[in-house]
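Visitor: Okay, here's the structure, questions in a sec.
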Amino acid sequence: MAVLKKMLLWGSENQWLKYHVPNYRFMQKAVKRFMPGEKLEDALREAQAFNTKKISSIFTYLGENITDLSEAESVTKHYLEVLDKISEKNLPTEISLKLTQIGLDLSVERTFENFKSIVQKSHDQKNQVWIDMEGSAYTDLTIDFYRRIKLSYENVGLCLQAYLYRTDADISNLLELFPKIRLVKGAYKEPPAIAFKRKKDVDQNFFKLAKKLLKASQQGGIRAAFATHDIKLITKIENFAKEMNLSRENLEFQMLFGIKTAEQTRLSDEGYKLAVLIAYGDAWFPWYMRRLAERPANLTFVLKNLFTS
Ligand SMILES: Cc1cc2nc3c(=O)[nH]c(=O)nc-3n(C[C@H](O)[C@H](O)[C@H](O)COP(=O)(O)OP(=O)(O)OC[C@H]3O[C@@H](n4cnc5c(N)ncnc54)[C@H](O)[C@@H]3O)c2cc1C
Numbered sequence: 034m035a036v037l038k039k040m041l042l043w044g045s046e047n048q049w050l051k052y053h054v055p056n057y058r059f060m061q062k063a064v065k066r067f068m069p070g071e072k073l074e075d076a077l078r079e080a081q082a083f084n085t086k087k088i089s090s091i092f093t094y095l096g097e098n099i100t101d102l103s104e105a106e107s108v109t110k111h112y113l114e115v116l117d118k119i120s121e122k123n124l125p126t127e128i129s130l131k132l133t134q135i136g137l138d139l140s141v142e143r144t145f146e147n148f149k150s151i152v153q154k155s156h157d158q159k160n161q162v163w164i165d166m167e168g169s170a171y172t173d174l175t176i177d178f179y180r181r182i183k184l185s186y187e188n189v190g191l192c193l194q195a196y197l198y199r200t201d202a203d204i205s206n207l208l209e210l211f212p213k214i215r216l217v218k219g220a221y222k223e224p225p226a227i228a229f230k231r232k233k234d235v236d237q238n239f240f241k242l243a244k245k246l247l248k249a250s251q252q253g254g255i256r257a258a259f260a261t262h263d264i265k266l267i268t269k270i271e272n273f274a275k276e277m278n279l280s281r282e283n284l285e286f287q288m289l290f291g292i293k294t295a296e297q298t299r300l301s302d303e304g305y306k307l308a309v310l311i312a313y314g315d316a317w318f319p320w321y322m323r324r325l326a327e328r329p330a331n332l333t334f335v336l337k338n339l340f341t342s
């Protein structure tokens, strides 16, 4: 399984596969399990449905490592339109984006300007923007970027990855900013020199960091969201929050569209704060390969679609 995971993560970074594989119909059909469609309208439709179940949502327009700044401008423009649509429809929907999708590989300053326009509009609409965390080559840049934008804007959150050894120290250093942090396990191919490799160790570190964030958030001003589908871990966090006398509406979980839907319903029905991240757009290949790597058994869906197409 570890070899398969490695191969899938390698595939997620392969340029040839990225341009060719999405053309296959069976892949287009298989990816539908994790995204309602490629259009913004598809995401809006699902967000409305979640809203009727008191589940909020987060939109991600798929794309990363763009190679032309004009592309970064059009992604920025797209997110500004998305914020308008969310506001028009009065949806409890935030947005989450990758800095390399708005130019980080090309110009930090242009990326900052692009991001600032998104976060300003979101601020005007009383909304929030999340910054995704990408591979470790971007960790320092992304955290520095977050520190800089957080000086001027409250409404911005950052994703941090529990598989990295450094994350404990990163959280300690960021606490002075009263951050909004989404904790995840981490989805990229990282070497053992910087990241826990065994699931057991990643899970243990996730729980340790979750406790640290919950304790810090008790002092106020900090938002912590636990983005995982790991039911054992969720239960441990629920129990810890109970011991802290933290009310359910103050404990926030986030999950991906199409994964552990029964658990999504349970958390929401029991009064926890839950947001489902809905991804859309046609640049889904690297993102989808990371979803396959998280659970290589997902490949059976791909194969099923191959044989039924
Ligand atoms: C809202 C959200 C935002 C995220 N943002 C980032 C980010 O910015 N940067 C980043 O590196 N990672 C991000 N991730 C991905 C994250 O790092 C993990 O790779 C992913 O959530 C799987 O880990 P897990 O915590 O669910 O635990 P796991 O131990 O991997 O999974 C627990 C169980 O959940 C189910 N499950 C998990 N993944 C899948 C899947 N793909 N398909 C089917 N079942 C599955 C399985 O039943 C599995 O046994 C995000 C995840 C979420 C939910």
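In this text, residue positions in the sequence shown follow the numbering used here: the first is 34, and each later residue adds one. In this text, a Cβ means the ideal position worked out from N, Cα and C, and glycines have one as well.
In terms of residues, what are the limits of the alpha helix (DSSP H) holding glycine 44?
Guide: Segment 35-45, the alpha helix (DSSP H) holding glycine 44.
Visitor: Excluding sequence positions up to five away, which residues of its chain have a Cβ less than 8 angstroms from the Cβ of alanine 316?
Guide: Excluding positions up to five away in sequence, the list reads Leu95, Gly96, Glu97.
Visitor: Near asparagine 84, which residues of its chain fall below 7 angstroms by C-beta distance, leaving aside the five closest residues on each side in sequence?
Guide: Same-chain partners within the cutoff: Leu124, Pro125.
Visitor: Is there contact here, the segment 36-43 with the segment 325-333, by at least three beta-carbon pairs under 8 angstroms?
Guide: The segment 36-43 is in contact with the segment 325-333.
Visitor: Reducing DSSP to helix, strand and coil, say where isoleucine 267 ends up.
Guide: Of the three classes helix, strand and coil, the one that applies to isoleucine 267 here is helix, per DSSP.
Visitor: For asparagine 56, verify whether its CB is less than 6 angstroms away from any heavy atom of ligand 1.
Guide: The answer is no for asparagine 56.
Visitor: Mind pulling the alpha helix (DSSP H) runs of 4 or more residues that sit fully within the segment 297-330?
Guide: The segment 297-330 contains these whole alpha helix (DSSP H) runs: 318-327.
Visitor: From the DSSP output, which residues share a beta bridge with methionine 288?
Guide: Val309, per the DSSP bridge assignment.
Visitor: Nearest-angstrom Cα distance between leucine 210 and leucine 266?
Guide: Their backbone Cα atoms lie some 27 angstroms apart in a straight line.
Visitor: Pick helix, strand or coil for leucine 73, following the three-state DSSP scheme.
Guide: Helix at leucine 73.
Visitor: Quick check on leucine 116: does DSSP put it in helix, strand or coil?
Guide: Three-state result, leucine 116: helix.
Visitor: Among all the DSSP beta bridges, which residues are the ones paired with glutamine 161?
Guide: DSSP lists no partner for glutamine 161.
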